[in-house]
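A.B. asks:
This is the structure we're talking about:
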């Protein structure tokens, strides 16, 4: 447990530093590439991301695609993009805006985990209290050798985080899942993922923080927020009379470099706070699980309610928690559902815009080089994954 928290702290710090370096040195060229993405390219990228995650997230491509399609179906609830038509609201005003991404994440991961854990402790006659020995813990709880073993996972996850962060509208939760799946795919022991293995922790924490710096690249260079957090930051800039974009670098370079320094300082402060608080954080393991679960449940429900001061969010997290529990029982991975939900809206919006621009000509997608490449890659991933699954089934039968 100490090692897991320690690795999370250190690799979060490294992810932030690497993304800040990307922000400083490669902001202009990367921003120029991102601005060239039109609706055709963004649709192709969204579909490719959904299929890629589905192909590597679980043991069965069919189950993974089913999860992704269900996620995309839930993303259609509410007002339709472009024309604003009501869809699947069943006369409820609560569903007009659809489901908040955080509500889905809380339900599918936190509530599902509570249900799974509650099921296991119900079968136990005696509740164990985990004993944590901190006497022999040094530093962050792991050795330099263990740190060095994660160097490639860290680098790959940071690159994924920065790239996903640059593309507007996707955000850190997506980079987290994509990096986790990529590292799992190249791992020698993918079956251990989901058990607290260091590789998974490094992938999630590095990419999650790396996407923060990536999201700042389009904000500062183009004035386009990369995710929800940078959208709030854009509002703060505008309140103070600042206009992020190309002119910001020319007119107020001192402000830009102050932001760079603040990024570095904040990440360093984070490491110091978490290092000295590590021994206190780990004490949570001393709390019996049957006491901890109700506390976690209360925090999740309060957090869901606080998102928009709406009790409907509390009902929603319970619904998604039940869906996640059913997924676990039927062996359907949760990551494709989340990716489908997050990118489904982006895919639909850009698909409809692309058809409007091309006057309903579907073949126009293949006239755009970047879009065509991603569509071909999507088909290639599907074919490769199907062949791999068929070979796996044949080997199991023999």
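In my numbering, the protein residues as written are 309 to 706.
Here a beta-carbon is modelled for each residue, glycine too, at the ideal position from N, C-alpha and C.
(1) Using beta-carbon positions only, say whether residue 364 and residue 515 come within less than 8 Å of one another.
(2) With H, G and I counted as helix, E and B as strand and the rest as coil, what does DSSP make of residue 386?
(3) Check the Cβ-Cβ distances between residue 354 and every residue of chain C, and say whether any is below 8 Å.
(4) Would you report the Cα separation of residue 359 and residue 674, rounded to the nearest angstrom?
(5) I need the boundaries of the alpha helix (DSSP H) containing residue 715, first residue and last residue.
(6) Which same chain residues, not among the five before or five after residue 395, have their C-beta less than 7 Å away from its C-beta?
(7) Less than 8 Å between the beta carbons of residue 648 and residue 378, yes or no?
(8) Taking the continuous alpha helix (DSSP H) assigned at residue 349, which residues delimit it?
(9) For my contact list, residue 767 and residue 631 are in at a C-beta cut-off of 8 Å; report their separation, rounded to the angstrom.
(10) With 16 other CB atoms within 10 Å as the buried threshold, where does residue 337 fall?
(11) Indicate the three-state DSSP secondary structure (helix, strand or coil) for residue 558 in the structure shown.
(12) Does the distance from the CB of residue 624 to the CB of residue 407 come in under 8 Å?
(13) Could you tell me the alpha carbon to alpha carbon distance between residue 453 and residue 512, rounded to whole angstroms?
(14) In whole angstroms, give me the CA-to-CA distance for residue 424 and residue 586.
(15) Using only alpha-carbon positions, find the residue among 702, 700, 689 that is nearest to residue 373.
(16) Taking residue 419 as the reference, which of 603, 682, 656, 639 has the closest Cα?
(17) Taking DSSP as the reference, what is the three-state secondary structure of residue 395?
(18) Rounded to the nearest angstrom, what separates residue 371 and residue 473 at their Cα positions?
(19) Among the residues of its own chain, which have a CB less than 6 Å from the CB of residue 577, if the five just before and after it don't count?
(20) Run through DSSP, which three-state label would residue 653 get?
(21) Report yes if the C-beta distance between residue 556 and residue 564 is below 8 Å; otherwise report no.
(22) Helix, strand or coil, according to DSSP, for residue 697 in the structure here?
(23) Contact between the segment 322-337 and the segment 456-471: three or more CB pairs below 8 Å?
(24) Let me check understanding here. Comparing Cα to Cα, which of 312, 352, 332, 317 lies closest to residue 672?
(25) Measuring CA to CA, which of 599, 694, 703 is closest to residue 366?
(26) Please identify the residue among 316, 328, 701 whose C-alpha is closest to the C-alpha of residue 573.
(27) For residue 687, tell me which candidate among 317, 356, 348 has the shortest Cα-Cα distance.
(28) Consult DSSP for residue 635 and reduce its assignment to one of helix, strand or coil.
(29) Quick check on the burial criterion: 16 or more other C-beta atoms within 10 angstroms. Buried or exposed for residue 644?
(30) Taking its Cβ as the centre, do 16 or more other Cβ atoms sit within 10 Å of residue 662, making it buried, or is it exposed?
C.D. replies: On the basis of the coordinates in this document:
(1) One-based indexing of the chain shown puts residue 364 at position 56. One-based indexing of the chain shown puts residue 515 at position 207. Taking 8 Å as the Cβ cut-off, residue 364 and residue 515 do not qualify as a contacting pair.
(2) Walking along the chain shown from the start, residue 386 turns up at place 78. Correct three-state label for residue 386: strand.
(3) Judged by its chain identifiers, the structure shown contains no chain C, having just a single protein chain.
(4) The sequence position of residue 359 within the chain shown is 51, counting from 1. The sequence position of residue 674 within the chain shown is 366, counting from 1. Their Cα atoms are separated by approximately 19 Å.
(5) Residue 715 falls outside the range modelled here, since the chain spans only 309 to 706, and no answer is possible.
(6) One-based indexing of the chain shown puts residue 395 at position 87. Contacts found: 384, 385, 386, 388.
(7) Walking along the chain shown from the start, residue 648 turns up at place 340. Walking along the chain shown from the start, residue 378 turns up at place 70. At the C-beta level, residue 648 and residue 378 come within 8 Å of one another.
(8) The residue you call residue 349 lines up with position 41 of the chain shown. Taken as a continuous stretch (DSSP letters only), the alpha helix (DSSP H) holding residue 349 covers 347-365.
(9) Residue 767 is absent from the model: the chain starts at 309 and stops at 706.
(10) Walking along the chain shown from the start, residue 337 turns up at place 29. Residue 337 should be labelled exposed.
(11) Residue numbering aside, residue 558 sits at position 250 when the chain shown is read from its first letter. Collapsing the DSSP output to three states places residue 558 in a helix.
(12) Numbered from 1 along the chain shown, position 316 holds the residue referred to as residue 624. Numbered from 1 along the chain shown, position 99 holds the residue referred to as residue 407. Cβ atoms of residue 624 and residue 407: closer than 8 Å.
(13) The residue given as residue 453 occupies position 145 in the chain shown. The residue given as residue 512 occupies position 204 in the chain shown. If you draw a straight line from the Cα of residue 453 to the Cα of residue 512, it comes to about 20 Å.
(14) What you label residue 424 is simply residue 116 of the chain shown in a count that begins at 1. What you label residue 586 is simply residue 278 of the chain shown in a count that begins at 1. Their backbone Cα atoms lie some 27 Å apart in a straight line.
(15) As a working mapping, residue 373 is identified with position 65 in the chain shown. Here the closest residue by C-alpha is 689.
(16) For the purposes of this step, residue 419 is taken as the residue at position 111 of the chain shown. Per the Cα distances, 603.
(17) Along the chain shown, read from residue 1 onward, the residue named residue 395 stands at position 87. Residue state, collapsed to three classes: strand.
(18) Working through the chain shown from its first residue, we reach residue 371 at position 63. Working through the chain shown from its first residue, we reach residue 473 at position 165. Cα to Cα, residue 371 sits roughly 28 Å from residue 473.
(19) Indexing the chain shown from 1 puts residue 577 at position 269. Here residue 577 has no same chain residue with a Cβ atom under 6 Å from its own Cβ, once five neighbours each way along the sequence are excluded.
(20) Along the chain shown, one-based indexing puts residue 653 at 345. Assigned with DSSP and collapsed to three states, residue 653 falls in helix.
(21) The sequence position of residue 556 within the chain shown is 248, counting from 1. The sequence position of residue 564 within the chain shown is 256, counting from 1. For residue 556 and residue 564, yes; Cβs fall inside 8 Å.
(22) Counting from one through the chain shown, the residue named residue 697 turns up at place 389. It is helical.
(23) Touching, yes.
(24) Position 364 of the chain shown, counting from 1, holds the residue named residue 672. Of the listed residues, the one whose Cα sits closest to residue 672 is 352.
(25) To locate residue 366, count along the chain shown from 1; it is residue 58. Ranked by Cα distance from residue 366, the options 599, 694, 703 are led by 694.
(26) Along the chain shown, one-based indexing puts residue 573 at 265. That would be 328, whose Cα lies nearest to the Cα of residue 573.
(27) Counting from one through the chain shown, the residue named residue 687 turns up at place 379. Ranking 317, 356, 348 by Cα distance to residue 687 puts 356 first.
(28) Translated into the one-based positions of the chain shown, residue 635 becomes position 327. For residue 635, the three-state secondary structure derived from DSSP is helix.
(29) In the chain shown, counting from the first residue as 1, residue 644 sits at position 336. Residue 644 should be labelled buried.
(30) On the chain shown, residue 662 is found 354 positions in, with the first residue counted as 1. Classification of residue 662: buried, given that the 10 Å Cβ count is 16 or more.
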